[in-house]
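2 protein chains.
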Amino acid sequence: MRFSMPRKLSPLDPQRLDNQICFAVYSAAHAFNRVYKPLLDRLGLTYPQYLVMLVLWERDDVPVRDIGERLFLDSGTLTPLLKRLEAAHLVKRTRSSEDERQVLIALTPQGHALKEKARAVPQSILAASDCSVSELVAMKDEIVALRDRLNAVIGE
Amino acid sequence: MRFSMPRKLSPLDPQRLDNQICFAVYSAAHAFNRVYKPLLDRLGLTYPQYLVMLVLWERDDVPVRDIGERLFLDSGTLTPLLKRLEAAHLVKRTRSSEDERQVLIALTPQGHALKEKARAVPQSILAASDCSVSELVAMKDEIVALRDRLNAVIGE
DNA sequence: TCACATTTAATTGTTCGCAATTGAATGTAC
DNA sequence: GTACATTCAATTGCGAACAATTAAATGTGA
């Protein structure tokens with residue numbers, strides 16, 4: 246009987262941290278968050294709040310549910326976050342008259358105005374990425390495709 | 246004087262949510278987390294706890310600081326997490342006798358044993374990714390390179 | 001109409017993640 | 001060898017993230 250190699254030493258060990266794409270994604274997400282932090286501090290936003298604002302700058306007066314579907318977040322996350330945005334006078338929460346179950350989220354004038362102040366953010370991120378736009382777009386598309394395959398599995 | 250196109254309609258608008266690689270990474274990280282959840286529930290671990298166990302399965306009896314450097318996490322995150330792993334009898338926390346500032350984290354026999362039970366996890370993730378190993382490795386390397394460039398900017 | 005299911009947000013409780021601070025141990029300069 | 005700075009983990013406080021539950025509004029079927 247032969248001894249097997251200790252798996253720990255194999256560079257291809259699927260249990261090694263550095264071989265896991267999930268950790269690459271996880272740690273990259275945190276790295277992005279740290280780069281965004283000082284930029285968003287000036288706007289008075291956290292990163293998840295910035296994502297909500299991006300959604301609303303495209304179209305506002307939408308129910309909480311629409312924002313959640315766009316960002317893959319549920320009401321347990323969004324309700325308190327939106328209340329903080331309301332406290333910051335960036336959005337207004339109004340219960341829909343047509344369907345009293347829905348709460349519609351609309352931008353305030355300050356909320357709209359913040360879009361202009363936020364325009365410099367994406368280019369700062371691009372600079373920090375130290376990478377061509379075409380490379381970033383290609384990576385983004387690959388990551389989105391992977392995300393969508395993962396989400397498809399969850400729905401089973 | 247001409248009117249400019251409303252930026253909102255441009256598919257290349259850098260302020261559009263779907264054009265941002267950071268959101269791709271952010272949402273992919275959450276998708277991974279949701280795929281991992283049922284697998285790790287059986288092991289009694291959360292995803293960040295699983296990452297700590299991966300580090301310790303490679304080498305244990307290491308200070309908290311080493312785990313933090315490996316995972317890009319600080320003591321504010323790790324201290325309570327490690328206390329929960331200790332409460333689950335997976336690790337033991339001991340203050341170093343050579344340097345009383347350090348707390349060394351060692352696996353218990355149950356902590357070591359869990360590695361075998363966790364061996365099926367990476368292949369389940371691979372299956373959910375619905376992607377060839379070589380493609381995943383290529384993506385992982387790109388994402389790690391991006392993460393490291395972002396982290397380099399933070400240190401400035 | 002009336003029972004029942006579905007939809008929608010809000011709520012509660014647990015766990016991350018990080019900034020900022022604290023306190024103890026260690027290292028360094030003079 | 002005594003000030004001073006540095007290192008390390010722990011702590012506090014706040015904002016996500018999500019599971020599970022609740023409550024109200026709406027939809028559906030008999």
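Quick note, the sequences are listed as chains A and B, same order. Numbered continuously in the numbering used here, the first sequence closes out at residue 401. Numbered continuously in the numbering used here, the second sequence closes out at residue 401. We treat Cβ as the ideally placed atom computed from N, Cα and C, and that holds for glycine. Note that the structure is a prediction, hence the values are computed from the model and not measured.
Looking at the DSSP output, THR339 (chain B) bridges to B:LEU349. Rounded to the nearest whole angstrom, the CA to CA distance from ASN264 (chain A) to LYS385 (chain A) is 20 Å. Residue nearest to LEU349 (chain A) within the set A:ALA358, A:PRO367 and A:THR324 is A:THR324 (criterion: CA-CA distance). If you keep only unbroken alpha helix (DSSP H) runs of at least 4 residues inside the segment 273-338 of chain B, you get 292-303, 309-316 and 320-332. Judged by their CB atoms, PHE268 (chain A) and LEU296 (chain B) are nearer to each other than the 8 Å cut-off.
Between VAL270 (chain B) and VAL270 (chain A) the beta-carbon gap is near 6 Å, inside 8 Å, which marks them as a contact. Against GLN368 (chain A), the close residues of chain B are PRO259, in the order they occur along the chain (beta-carbon pairs closer than 9 Å). For the pair ALA273 (chain A) and LEU299 (chain B), the CB atoms are not nearer than the 8 Å cut-off.
Three or more beta-carbon pairs separated by less than 8 Å link the segment 285-296 of chain B to the segment 347-365 of chain B, which places the two stretches in contact. Close partners of LEU330 (chain B) in chain A (Cβ separation under 7 Å) are lacking, with about 16 Å as the shortest Cβ gap. Take the alpha-carbon of ASP306 (chain A) and the one of ILE266 (chain A): they are about 38 Å apart.
For SER320 (chain B) and ALA351 (chain B), the gap between their C-alpha atoms comes out near 17 Å. According to the DSSP assignment, ASN396 (chain A) belongs to the alpha helix (DSSP H) that extends over 378-399. Of the candidates B:ALA365, B:GLN260 and B:PRO354, the residue whose Cα lies closest to the Cα of LEU284 (chain B) is B:ALA365.
A buried status is given to SER374 (chain A), since no fewer than 16 other beta-carbon atoms sit within 10 Å of its beta-carbon. For the 8 Å CB-CB criterion, VAL378 (chain A) and VAL398 (chain B) do not form a contact.
Flagged as an interface residue toward chain B: ILE266 (chain A), by a C-beta distance shorter than 8 Å. Contact annotation, GLN294 (chain B) with LEU326 (chain B): C-beta distance approximately 6 Å; criterion of less than 8 Å satisfied. Relative to the Cα of VAL336 (chain A), the nearest Cα in the group A:GLU380, A:ASP393, A:PRO354 and A:GLU343 belongs to A:PRO354. When B:LEU371, B:LEU316 and B:ILE370 are compared, the shortest CA-CA separation from ASN396 (chain B) is found for B:LEU316. ARG279 (chain A) reaches chain B at LEU395, ASN396 and ILE399, counting residues in chain order whose Cβ is nearer than 8 Å. Against chain B, the beta carbon of LYS385 (chain A) has neighbours under 7 Å at ILE266 and ALA269, listed in chain order. By the neighbour-count criterion, in which a residue is buried when 16 or more other Cβ atoms sit within 10 angstroms of its Cβ, LEU301 (chain B) is buried. Residue range 354-362 is occupied by the alpha helix (DSSP H) that includes PRO354 (chain A). With the criterion set as a beta carbon lying under 9 Å from some beta carbon of chain A, the members of the segment 337-367 of chain B are LYS360, ALA363, ARG364, VAL366 and PRO367, in sequence order. The three-state secondary structure of LEU257 (chain A), taken from DSSP, is coil. Taken atom to atom, the span from the alpha-carbon of GLU387 (chain B) to that of GLN260 (chain A) is near 20 Å. Here DSSP, grouped into helix, strand and coil, assigns GLN265 (chain B) to coil. Per the coordinates, the alpha-carbon of ARG329 (chain A) lies some 35 Å from the alpha-carbon of ALA332 (chain B). Beyond the five residues adjoining it in sequence on each side, ILE312 (chain B) comes within less than 7 Å, by CB distance, of VAL297, VAL300, LEU323 and ILE350 in the same chain, given in chain order.
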